[in-house]
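According to my numbering, the sequence shown is numbered sequentially starting from 98. Backbone N, C-alpha and C define an ideal beta-carbon position, used for all residues, glycine too.
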Amino acid sequence: MQRVWYVAYGSNLALDRFRCYLAGGRPAGGARVYVGCRDHSDPGRNVGVQIPGGIVFAGESRVWGGGSAFYDLAAPRQVAGRAYLLTADQLGDVAAQEMRREPGGEFARDLAALLPDVDAVHTMGPGRYETVVRLGDHDGLPMFTVTHDTVADLEPAAPTAPYLRWIAAGLTEAHGWNTQQVVEYLQAAPGVQKAWTPAALTDLLTA
Numbered sequence: 098m099q100r101v102w103y104v105a106y107g108s109n110l111a112l113d114r115f116r117c118y119l120a121g122g123r124p125a126g127g128a129r130v131y132v133g134c135r136d137h138s139d140p141g142r143n144v145g146v147q148i149p150g151g152i153v154f155a156g157e158s159r160v161w162g163g164g165s166a167f168y169d170l171a172a173p174r175q176v177a178g179r180a181y182l183l184t185a186d187q188l189g190d191v192a193a194q195e196m197r198r199e200p201g202g203e204f205a206r207d208l209a210a211l212l213p214d215v216d217a218v219h220t221m222g223p224g225r226y227e228t229v230v231r232l233g234d235h236d237g238l239p240m241f242t243v244t245h246d247t248v249a250d251l252e253p254a255a256p257t258a259p260y261l262r263w264i265a266a267g268l269t270e271a272h273g274w275n276t277q278q279v280v281e282y283l284q285a286a287p288g289v290q291k292a293w294t295p296a297a298l299t300d301l302l303t304a
């Protein structure tokens, strides 16, 4: 059974939120109930990682009501991610659910099958999370994430409070960051400044 690392950089940084993709359920503050993967198993391992690039908040999430996080591999920064050890089929099912497709359907199966051949970037379609990015290896296994094919063309938009709380929780879980570190990191992401000052973010995360 092929094992891969899925690198989360948005709300999936928080394990309890990510489990909604794996086992099904609705995350606190979210507007969607997830079906879950065909295999509901927890990740075999998880580890905090730093990868080149940046995050951008853009569009309008139907789950959270504000901007969604996207990975921008061209940004001259560092992304604080969390790598989850999954099966290739689980990663296919996670990506399918990101695009409101059926776990185990054609999209999920195609994505899982193509992973061994992705050595940089592969775009499966124009959707928000239909581009697969290879992020190198960790402990001898490949790391992947999903994002938009043309992040540079997206209009930054402010994320909502529930979404930011999940991201902050995940950054603390995966990297041990304190509130100040989380605030500084989020403030550097395009879209956040449209609605959130450092003081407002601090109040949100310490309330």
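#### Entry: Residue burial classification, Val138 (beta-carbon count within 10 angstroms, cutoff 16)
Note that residue 138 corresponds to Ser in the displayed sequence, not to Val. Ser138 comes out exposed.
### Query
Which same chain residues, not among the five before or five after Tyr181, have their C-beta less than 6 Å away from its C-beta?
Here the set comprises Tyr103, Pro140, Asn143.
#### Entry: Spatial distance of Gly164 from Ala254 (CA atoms)
If I take the Cα positions, the gap works out to 5 Å.
### Task
Any chance you could list the alpha helix (DSSP H) runs of at least 4 consecutive residues sitting entirely within the segment 162–211, in chain order?
The qualifying runs are 185–195, 203–211.
#### Entry: Outcome for Pro213 when other beta-carbon atoms lying within 10 angstroms are tallied against a minimum of 16
Flag for Pro213 reads exposed.
### Task
Check Leu251 in the structure and name its three-state DSSP category.
Three-state result, Leu251: coil.
### Message
Within 10 Å of its beta-carbon, does Asp300 have 16 or more other beta-carbons around it, so buried, or fewer, so exposed?
### Response
By the 10 Å Cβ count, Asp300 comes out exposed.
### Task
List in chain order: all unbroken beta strand (DSSP E) runs of 3+ residues lying wholly within the segment 112–150.
Here the runs fully enclosed are 143–149.
#### Entry: For Val101, the three-state DSSP class (helix, strand or coil)
Collapsing the DSSP output to three states places Val101 in a strand.
### Query
Is the beta carbon of Ala192 less than 9 Å from the beta carbon of Val243?
Cβ atoms of Ala192 and Val243: closer than 9 Å.
### Task
Determine the closest residue to Leu119 out of Ala210, Val279, Gly189, with distance taken between C-alpha atoms.
The closest CA to that of Leu119, considering only Ala210, Val279, Gly189, is found on Gly189.
### Query
What are the boundary residues of the alpha helix (DSSP H) that Val279 is part of?
Start and end: 276–284.
### Task
Spell out the partners DSSP gives Arg231 in its beta bridges.
Phe241, per the DSSP bridge assignment.
### Query
Touching or not, the segment 255–273 and the segment 115–131, by the rule of three or more beta carbon pairs under 8 Å?
In short, these stretches touch, since the Cβ pair count reaches three.
### Between the CA atoms of Asp136 and Gln277 - distance to the nearest angstrom
Across the structure, Gln277 and Asp136 are spaced so that their CA atoms are roughly 37 Å apart.
### Helix, strand or coil at Ala217 [DSSP, three-state]
Here Ala217 carries a coil assignment [DSSP, helix/strand/coil].
### Message
Buried or exposed for Gln284, going by 16 or more other Cβ atoms inside 10 Å?
### Response
Result: exposed.
#### Entry: Cβ shell of Thr303 (< 7 Å), same chain only, five flanking positions each side left out
Excluding sequence neighbours, Thr303 sits near Thr276.
#### Entry: Neighbourhood of Asp246 by C-beta distance below 6 Å, restricted to the same chain and skipping five residues each side
Cβ neighbours of Asp246 beyond the five flanking positions: Thr220, Thr228.
### Message
Pull the bridge partners of Ile264 from the DSSP assignment, please.
### Response
DSSP output for Ile264 lists no bridge partner at all.
### Task
With DSSP as the reference, label Val153 as helix, strand or coil.
If DSSP states are grouped into helix, strand and coil, Val153 belongs with the strands.
### Query
Would Arg225 be called buried (16 or more neighbouring beta carbons within 10 Å of its own) or exposed?
Arg225 should be labelled buried.
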